[in-house]
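Q: Sending over a structure as structure tokens; questions will come in a sec.
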Amino acid sequence: MAETQQQSGSTPEDEAPQVPDSVTFMVPKKEISMVPDMGKWKRSQAYADYMGFVLTLNEGVKGKKFTSEYKVSETVEKLLDLLGTLDRWIDETPPVDQPSRFGNKAFRTWYAKLDQEAEALVSTVLPADKSAAAPEIAVYLKESVGNATRIDYGTGHEAAFAAFLCCLCKVGALRVDDQLAIVFQVFNKYLTVMRKLQKTYRMEPAGSQGVWGLDDFQFLPFIWGSSQFVELRRRAWLVHTAFQDWDKNVLWFTGISLNHLGGAKHWTEQRTLCKIASGKGTCFGGTCVRSKVVLVVQQKTQIGQVV
2 MAETQQQSGS
12 TPEDEAPQVP
22 DSVTFMVPKK
32 EISMVPDMGK
42 WKRSQAYADY
52 MGFVLTLNEG
62 VKGKKFTSEY
72 KVSETVEKLL
82 DLLGTLDRWI
92 DETPPVDQPS
102 RFGNKAFRTW
112 YAKLDQEAEA
122 LVSTVLPADK
132 SAAAPEIAVY
142 LKESVGNATR
152 IDYGTGHEAA
162 FAAFLCCLCK
172 VGALRVDDQL
182 AIVFQVFNKY
192 LTVMRKLQKT
202 YRMEPAGSQG
212 VWGLDDFQFL
222 PFIWGSSQFV
232 ELRRRAWLVH
242 TAFQDWDKNV
252 LWFTGISLNH
262 LGGAKHWTEQ
272 RTLCKIASGK
282 GTCFGGTCVR
292 SKVVLVVQQK
302 TQIGQVV
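Structure follows, in structure tokens:
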């Protein structure tokens, strides 16, 4: 084993996670139905793997911009092609005329195509020896685009996409050195496609917190995006050129620039900005983010600014 690693020039950190050949893949089913079930979930290996995946990516993008140098593997390119296919299907499935303003029924037509093709799409990304995992992993892909019955989308669907990516890491399709490309390329493309879905089919926010959320639809951009700011000095926030340099290079800005999707016409309506400063934290799993937030005006444009 050691000789093989030395000859290939790889390190243990670069090696893809190994799934034993004895593993039997199965189609996921809902196991959390009551509050006590959450305890079992939080004690499970799956929870540890999932949170470890999110936090590993959070560490990987620390202080990095979209323009930072990183490798784009063949698997990443295949994932971008997959998301490009979903994007193209939106163009091929225009919204229909209907009396209700929200929840255009054409989304169900779009989703039906994904439901039919999901396993084939996932198979294009998997290693040949892990093709049996396609039915299991495809469920997370289908869960990541919204609910076809309610025609809504929320942070739970976004979490399913993170689980989809985590599964690809578990089977060795994605590797540790893909982490920047996972966030900056794959996840960023996913956000683009999801926002197109939300706007095209007028999707309702699932489990909306109303004015209490910066973005009714997404949450991970604020976790990974804030990590990108770690090495930015506080004083830089008061310099307008800093915003010009970072606003197109950070996930965090892509979220707040779309605040109109949440229905708020003005930043003062986003009460979370005022409440974080009073000690109320925004939590993901057991990780809480508490930052003092103020509002500043830069050339008549209001920006949520962390100081």
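The sequence shown maps to residues 2 to 308 in my numbering.
From the three backbone atoms N, C-alpha and C, an ideal C-beta is built for every residue, glycine too.
On a predicted model such as this, the values are computed, not experimentally measured, just so you know.
Return helix, strand or coil for Y154, following the three-state DSSP convention.
A: Reduced to three states, the DSSP call for Y154 is strand.
Q: How about V126 and L169: are their beta carbons less than 8 Å apart?
A: Contact: yes.
Q: Considering only the beta carbon of each residue, do Y154 and A207 sit closer than 8 Å?
A: Yes, these two residues count as a Cβ contact at 8 Å.
Q: If you draw a straight line from the C-alpha of T76 to the C-alpha of Y191, how long is it?
A: Taking the straight line joining both Cα atoms gives about 15 Å.
Q: For L115 versus L87, is the C-beta distance shorter than 8 Å?
A: Yes.
Q: Alpha carbon to alpha carbon, what distance is there between K63 and Q229?
A: So the two alpha carbons sit approximately 5 Å from each other.
Q: If we ignore side chains and look at the alpha-carbon of each, how far apart do T25 and M35 end up?
A: Straight-line Cα distance between these residues: approximately 27 Å.
Q: For A327, which option in K106, Q99, P95 and W90 has the closest C-alpha, if you only look at C-alpha atoms?
A: Past the boundaries of the shown model lies residue 327; the chain is included only from 2 to 308, so the question cannot be answered.
Q: Where does E60 land, buried or exposed, given buried means 16+ other C-beta within 10 angstroms?
A: E60 is exposed by the Cβ-count criterion.
Q: Considering only residues of the same chain and omitting the five flanking positions on each side of D38, which have a CB-CB separation below 7 Å?
A: Same-chain partners within the cutoff: E32.
Q: Bridge partners for L96 per DSSP, in chain order?
A: Note that residue 96 is Pro in the sequence shown here, rather than Leu. For P96, which the question treats as bridged, DSSP gives no partner whatsoever.
Q: Rounded to whole angstroms, what's the CA-CA distance from L166 to R176? Just pull it up for me.
A: When rounded, the distance between both Cα atoms is 11 Å.
Q: Please determine, among T193, F218 and A113, the residue with the shortest C-alpha to C-alpha distance to E205.
A: Among T193, F218 and A113, the Cα nearest to that of E205 is on F218.
Q: Going along the chain, which residues of its own chain have a beta-carbon closer than 7 Å to the beta-carbon of P29, five neighbours each way excluded?
A: Counting only Cβ-Cβ distances below 7 Å, and skipping sequence neighbours, we find E137 and V140.
Q: Using only the alpha-carbon positions, how far apart do G263 and D216 sit?
A: In this predicted model, G263 has a pLDDT of only 46, less than 50, meaning its place in the structure is not dependable enough to derive any value.
Q: Round the Cβ separation of V187 and K131 to the nearest angstrom and send it over; I've been treating them as touching at under 8 Å.
A: Contact flag wrong, Cβ pair sits at about 18 Å.
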